[in-house]
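Protein sequences appear in the order of chains C and W.
Just so we're aligned: 182 in my numbering is position 182 of the first sequence, and the numbers increase by one with no gaps anywhere.
Just so we're aligned: 239 in my numbering is position 239 of the second sequence, and the numbers increase by one with no gaps anywhere.
Structure, as structure tokens:
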Amino acid sequence: MELFYNIGRYILLMRQSFQRPLNHRYFVRQVLNEIEAIGISSLGIVSIISVFIGAVLVIQAGYQMQNPLIPGYTLGYGVRESIILEFAPTIVSLILAGKIGSSIASQIGTMRVTEQIDALDIMGVNSASFLILPKIVAGLISFPFIVVISMLIGISGGYTSAVLWEISSSNDFITGLNYWFIPYEILYAIIKATFFSFLIVSISAYYGYYTKGGANDVGRSSTKGVVFASVAILLSNLVLTKLLLS
Amino acid sequence: MIEVKQLNKSFEDKQVLFDINLQFEQGKQNLIIGQSGSGKTVLLKCLVGLFTPDSGSIIFDGRNFTAMGLKEKKSIRAEIGMLFQGSALFDSMTVLDNVMFPLLMFSTLSKAEQIDRANFCIERVGLNDAHRKLPSEISGGMQKRAAIARAIALNPKYLFCDEPNSGLDPKTGVLIDHLIEEITYEFQITTIINTHDMNSVLEHGDNINFIYKGNLWWQGNKDEFLSTQNQELQEFIYATEVLKRLKPKG
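This is the structure in structure tokens:
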């Protein structure tokens with residue numbers, strides 16, 4: 001029953017959030033600030049994770065492909081597919097669910113328990129739209145870029161690892177990267193990531209917005225936001241993959 | 001003037017307010033007092049629209065707030081200023097930005113006029129050097145002043161204060177009380193103050209409404225307050241040894 005209650009309240013909150021902002025210029029400023037908080041500030045962690053995962057993928061794949069019958073370009077091909085199809089959109093989103101989700105839930109939760117949201121409501125400001133919509137828009141704008149950057153850095157990490165430890169030659173790896181490349185896969189990854197960004201921001205904002213109590217409850221909301229956003233990403237990943245790749 | 005008629009409010013099975021009938025007069029400090037858990041905060045939150053009453057009506061100068069749609073309520077909300085117990089300043093904004101916020105959202109003033117108005121409000125509450133400071137960089141008393149400046153930025157007709165001097169030292173608490181009093185008389189605001197601070201009640205209670213177990217138990221002013229024969233109110237007033245000494249003999 002609680003699940004249905006939460007889903008219903010979440011849908012109502014989203015309906016309340018997607019309202020026209022009171023002051024458009026202020027809204028644009030908020031979106032730019034959120035792009036900095038959600039997108040730009042995540043580039044560091046995404047880059048570090050991408051480069052190392054790319055490098056490790058190559059080592060592991062190279063270890064499993066020591067059979068001389070397997071063509072040399074297979075390594076580059078396999079790494080490209082893994083990174084574009086799954087690592088960049090899904091794993092990076094799961095990582096960002098932790099970073100961004102907890103930050104959003106705790107920020108909005110703190111505003112709730114310190115009556116800042118009540119202050120907005122009493123002034124006649126639609127607090128849901130004011131607080132959540134700029135974050136959603138910023139997430140939708142930032143995530144495609146983050147995912148593409150993650151792809152580039154992940155593949156670069158893999159290439160460096162392959163050449164540095166002589167797992168594959170530079171030519172073979174690049175041939176593999178170009179082999180049977182389907183541009184739609186990039187679009188598929190961007191569509192998934194964009195959807196995941198909406199889930200991360202909206203679910204964590206939902207748990208923050210309905211926080212009750214004090215500091216402990218803000219922490220609890222933050223944890224719930226991350227856990228439910230992660231579960232939602234995994235479930236929707238299955239559905240989206242089936243829909244987009246079938 | 002704000003009129004409250006036959007207001008009832010409950011949460012799930014528990015009724016918190018019972019048939020409240022009240023009037024808050026313009027240009028006066030109207031106090032709501034009562035023990036913790038008596039329902040005074042629920043009453044205040046019903047008045048400002050944060051809670052929806054189960055039944056009854058709240059009428060702002062002839063306009064029935066409880067019967068209004070969202071758009072009409074917005075026009076009333078533009079006339080409301082609220083001072084929260086914890087100030088509720090936006091912690092990512094400076095004092096100036098906090099005070100300018102309602103102007104930015106609701107006024108048609110130019111940017112320069114908004115800054116002028118915000119500066120006037122900040123200086124009116126005596127925060128001349130705090131314009132560029134964040135709420136975390138100023139004291140509790142200064143935060144309350146900044147919150148008052150924000151509350152009066154749009155020239156409100158109604159000012160709601162929830163425990164305005166709680167958490168402050170007695171001297172700063174008195175300063176905040178005086179500031180609210182000055183603003184009430186200067187701008188002829190209908191001010192409603194939710195408090196259990198005896199000093200505020202004895203000094204500033206133009207109209208005092210005592211809430212007891214969710215009921216309006218006693219009404220009067222500061223002159224009638226100490227001589228009341230109402231037993232529950234007497235227990236509330238003379239709870240401390242210091243106040244017991246003020247109790248009229250006989």
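We treat Cβ as the ideally placed atom computed from N, Cα and C, and that holds for glycine.
Item                                                                                                                                                                                   : Value
Comparing the C-beta of W:Val-4 with each C-beta of chain C, is any distance below 8 Å?                                                                                                : no
Taking Cβ-Cβ distances shorter than 7 Å, what residues in chain W pair up with C:Tyr-26?                                                                                               : Leu-104
With a cut-off of 8 Å, does the C-beta of C:Met-301 fall near any C-beta of chain W?                                                                                                   : Residue 301 of chain C lies beyond the stretch modelled for chain C, which goes from 1 to 246, so this question has no answer here.
Measure the alpha-carbon distance for C:Ser-197 versus C:Phe-130 and round it to whole angstroms.                                                                                      : 18 Å
So, helix, strand or coil for W:Arg-63, using DSSP?                                                                                                                                    : strand
I need the straight-line Cα distance from W:Gln-234 to W:Asn-165, nearest angstrom please.                                                                                             : 23 Å
Could you check if C:Glu-34 is buried or exposed, using at least 16 other CB atoms within 10 Å of its CB as the buried criterion?                                                      : buried
What are the start and end residues of each continuous alpha helix (DSSP H) run of 4 or more residues lying completely inside the segment 70 to 106 of chain W, in chain order?        : 70 to 77 and 95 to 106
Beta-carbon of W:Met-251 versus every beta-carbon of chain C: anything under 8 Å?                                                                                                      : Residue 251 of chain W falls outside the range modelled here, since chain W spans only 1 to 250, and no answer is possible.
Do W:Gln-29 and W:Gly-205 have their C-beta atoms within less than 8 Å of each other?                                                                                                  : yes
Report the CB separation of C:Gly-157 from C:Val-51 in whole angstroms; it is logged as a contact under 8 Å.                                                                           : 4 Å
Let me know if W:Thr-240 comes out buried or exposed under the rule of 16 or more other beta-carbons within 10 Å of its beta-carbon.                                                   : exposed
How is the beta strand (DSSP E) around W:Thr-195 delimited, first residue to last?                                                                                                     : 190 to 195
In chain order, what residues of the segment 104 to 128 of chain C put their CB closer than 7 Å to some CB of chain W?                                                                 : Thr-114, Glu-115, Gln-116, Asp-118, Ala-119, Asp-121, Ile-122, Met-123, Gly-124 and Val-125
What does a CB cutoff of less than 7 Å around W:Val-16 pick up in its chain, not counting 5 residues either side in sequence?                                                          : Lys-9, Ser-10, Gly-39, Val-42 and Gly-214
Name, going along the chain, the residues of the segment 17 to 41 of chain C whose beta-carbon falls closer than 7 Å to a beta-carbon of chain W.                                      : Leu-22, Asn-23 and Tyr-26
By Cβ distance below 8 Å, which residues in the same chain neighbour C:Ile-59 in space, the five residues on each side in sequence not counted?                                        : Ser-161, Trp-165 and Ile-167
Just to confirm before moving on: does the CB-CB distance between W:Ala-149 and W:Phe-84 stay below 8 Å?                                                                               : no
Pull the bridge partners of W:Phe-218 from the DSSP assignment, please.                                                                                                                : Note that residue 218 of chain W corresponds to Trp in the displayed sequence, not to Phe. According to DSSP, which records beta bridges pairwise, W:Trp-218 is partnered with W:Phe-210.
Taking the continuous beta strand (DSSP E) assigned at C:Tyr-210, which residues delimit it?                                                                                           : Careful: C:Tyr-210 lies outside any beta strand (DSSP E) and carries neither H nor E.
Pick out whichever of C:Glu-81, C:Ala-229 and C:Leu-75 has its Cα sitting closest to the Cα of C:Ala-189.                                                                              : C:Glu-81
Where do the N-terminal and C-terminal ends of the beta strand (DSSP E) with W:Tyr-158 fall, by residue?                                                                               : 158 to 162
Does W:Ala-78 get closer than 8 Å to chain C when you measure Cβ to Cβ?                                                                                                                : yes
Quick one: any contact between the segment 224 to 243 of chain C and the segment 19 to 35 of chain W, if contact means 3 or more CB pairs under 8 Å?                                   : no
Since C:Arg-178 and C:Gln-19 are thought to touch, with beta carbons under 8 Å apart, how far apart are those beta carbons, to the nearest angstrom?                                   : With the sequence shown as reference, residue 178 of chain C is identified as Asn, and Arg is not the correct amino acid for it. About 47 Å separates the two Cβ atoms, so there is no contact after all.
Suppose only complete runs of 4+ residues qualify. What are the alpha helix (DSSP H) ranges in the segment 75 to 103 of chain C, listed by chain order?                                : 92 to 96
Between W:Cys-217 and W:Phe-225, how many whole angstroms is the CB-CB distance? I'm expecting something under 8 Å.                                                                    : Strictly speaking, residue 217 of chain W in this sequence is Trp, with Cys absent from that position. 13 Å between Cβ atoms; not a contact.
Could you run through the segment 61 to 78 of chain W and flag, in chain order, every residue whose CB is less than 7 Å away from some CB of chain C?                                  : Lys-74, Arg-77 and Ala-78
With W:Glu-113 as the anchor, note down where its alpha helix (DSSP H) starts and where it stops.                                                                                      : 111 to 124
Kindly list the residues whose CB is nearer than 8 Å to the CB of W:Pro-170, restricted to its own chain and excluding five residues on each side of it in sequence; keep chain order. : Asn-199
From C:Thr-114 to C:Leu-243, what distance separates their C-alpha atoms?                                                                                                              : 43 Å
Let me know if W:Leu-70 comes out buried or exposed under the rule of 16 or more other beta-carbons within 10 Å of its beta-carbon.                                                    : exposed
Have a look at W:Gln-114, W:Lys-244, W:Phe-101 and W:Leu-159 and flag the residue whose alpha-carbon is nearest the alpha-carbon of C:Val-27.                                          : Reading off the sequence shown, one finds Phe at residue 27 of chain C, where the question assumed Val. When only C-alpha atoms are compared, the closest one is W:Phe-101.
Within 8 Å of any Cβ in chain C, is that where the Cβ of W:Ala-88 sits?                                                                                                                : yes
Do C:Ser-236 and C:Leu-199 come within 8 Å of each other at the CB atom, strictly closer than that value?                                                                              : yes
To the nearest angstrom, how far is it from the Cα of C:Lys-212 to the Cα of W:Met-105?                                                                                                : 27 Å
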